[in-house]
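K.L.:
Each residue of the sequence shown is one higher than the last, beginning at 450 in our numbering.
We put the CB at the ideal spot given by N, CA and C, even for glycine.
Please see the structure below; I have some questions.
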Amino acid sequence: MKYHHMCIVVSEMDRALEVYRDFLGLQVVIDSTVPDARSAGDAKIVSGELMDKLFGADDATSRLVLLGSPEGLLLELQQPSMPVVSLTPPEQLTYASSGIREMAIAVTGIDDWFARATAQGYRTTTDEVWEFPGVLRSFLFFDLEGNLVQLCEDLSPITV
Numbered sequence: 450m451k452y453h454h455m456c457i458v459v460s461e462m463d464r465a466l467e468v469y470r471d472f473l474g475l476q477v478v479i480d481s482t483v484p485d486a487r488s489a490g491d492a493k494i495v496s497g498e499l500m501d502k503l504f505g506a507d508d509a510t511s512r513l514v515l516l517g518s519p520e521g522l523l524l525e526l527q528q529p530s531m532p533v534v535s536l537t538p539p540e541q542l543t544y545a546s547s548g549i550r551e552m553a554i555a556v557t558g559i560d561d562w563f564a565r566a567t568a569q570g571y572r573t574t575t576d577e578v579w580e581f582p583g584v585l586r587s588f589l590f591f592d593l594e595g596n597l598v599q600l601c602e603d604l605s606p607i608t609v
C-alpha cells in the first residue's frame, strides 16, 4: 500500500494557495470548477451525479486545485460553493478531538524552513525545531484556516 493524496476542504482557496503553493512550493497540476459535466459519460474530471453523492448535497459545486511536488506528494484542495463551507471551530482542531490532526511533509533544511515560517508570520506550536531522537527533526505550523502542517527532516529512515 502507498499513500496517494490528502484532501483539505478550505473556505478561501486563494489564502490556501498562499500556504501550499507559495510557501511550501507545491505546483498546481489542476485548477478547475467541478463538476465539469452533469453525467459521468461527459465528465473529464468528475460528474455532477458523483459530486452530489460525494458531497451529500444536490447541485454540489467546488473549485478543485490539485497540487504536487516532483517527489510525488499530491494534495487536493476543495473550496465548495455548494454546500457552503464553514470554518471548523478552533477547539475542534486540537488533539482533544478525533480525526486527522496534521499533514506531515518530508523536507530537507528544517532550520531554514522554520526560519521562513516564523518570518512569514505562520503560527507554530513550538518556539523551536524539536527532535524525535535519532529519527527526525520537526516543527508544526498552522495554515491560514487552522489546519496543522508538520515539516519533518529525517535523521534515519524508518523501515517496516
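Applying the criterion that 16 or more other CB atoms from any shown protein chain within 10 Å of the CB defines a buried residue, is Ile607 buried or exposed?
P.N.:
For the purposes of this step, residue 607 is taken as the residue at position 158 of the sequence shown. Per the 10 Å Cβ criterion, exposed.
K.L.:
Out of Phe590, Tyr571, Glu594, Glu602, point me to the one whose CA is closest to Glu580's CA.
P.N.:
As a working mapping, residue 580 is identified with position 131 in the sequence shown. Residue Glu602 is the option with its Cα nearest to Glu580.
K.L.:
Thinking just about the alpha-carbon of each residue, which of Lys502, Asn596, Ser481, Ser460 is nearest to the one in Ile494?
P.N.:
The count along the sequence shown starts at 1 and reaches residue 494 at position 45. Ile494 has its Cα closest to that of Ser481, out of Lys502, Asn596, Ser481, Ser460.
K.L.:
Distance, Cα to Cα, Ser460 vs Thr537?
P.N.:
Taking the sequence shown and counting its residues from 1, one reaches residue 460 at position 11. Taking the sequence shown and counting its residues from 1, one reaches residue 537 at position 88. Their Cα atoms are separated by approximately 10 Å.
K.L.:
Looking at C-alpha atoms only, which residue of Pro519, Ser605, Ala566, Pro539 is the closest neighbour of Val403?
P.N.:
Only positions 450 to 609 of the chain appear in this structure, which leaves residue 403 out of reach.
K.L.:
Among Val598, Lys451, Thr557, Ile559, which has the Cα closest to the Cα of Arg572?
P.N.:
Counted from its first residue, the sequence shown places residue 572 at position 123. The residue with the shortest Cα to Cα distance from Arg572 is Val598.
K.L.:
Give the C-beta separation of Glu498 and Arg487 to the nearest angstrom, bearing in mind that I take them to be a contact with Cβ-Cβ under 8 Å.
P.N.:
For the purposes of this step, residue 498 is taken as residue 49 along the sequence shown, with counting starting at 1. For the purposes of this step, residue 487 is taken as residue 38 along the sequence shown, with counting starting at 1. Going by Cβ atoms, the distance from Glu498 to Arg487 rounds to 7 Å, so yes, they are a contact pair.
K.L.:
Mapping DSSP to helix, strand and coil, what is Ala553?
P.N.:
Numbered from 1 along the sequence shown, position 104 holds the residue referred to as residue 553. Strand at Ala553.
K.L.:
Whose C-beta lies closer than 8 Å to the C-beta of Ile559 among residues of the same chain, with five residues either side of it excluded?
P.N.:
Position 110 of the sequence shown, counting from 1, holds the residue named residue 559. Cβ within range, chain order: Val578, Arg586, Ser587, Phe588, Leu600, Cys601, Glu602.
K.L.:
Per DSSP, Glu520 forms a beta bridge with which residues?
P.N.:
Walking along the sequence shown from the start, residue 520 turns up at place 71. DSSP, once it has assigned bridges, lists no residue as partnering Glu520.
K.L.:
Under 8 Å by Cβ, that's how I've got His454 and Glu525 pegged, so tell me the actual separation to the nearest angstrom.
P.N.:
Sequence index remark: in the sequence shown, residue 454 carries index 5 (1-based). Sequence index remark: in the sequence shown, residue 525 carries index 76 (1-based). Contact flag correct, Cβ pair sits at about 6 Å.
K.L.:
Quick check on Pro539: buried or exposed, where buried means 16 or more other Cβ atoms within 10 Å of its Cβ?
P.N.:
Residue 539 sits at position 90 when you count from the first residue of the sequence shown. By the neighbour-count rule (16 or more Cβ atoms within 10 Å), Pro539 is not buried but exposed.
K.L.:
One question on the structure: do Ala492 and Asp485 come within less than 7 Å of each other, judged by their Cβ atoms?
P.N.:
In the sequence shown, counting from the first residue as 1, residue 492 sits at position 43. In the sequence shown, counting from the first residue as 1, residue 485 sits at position 36. Closer than 7 Å, so yes.
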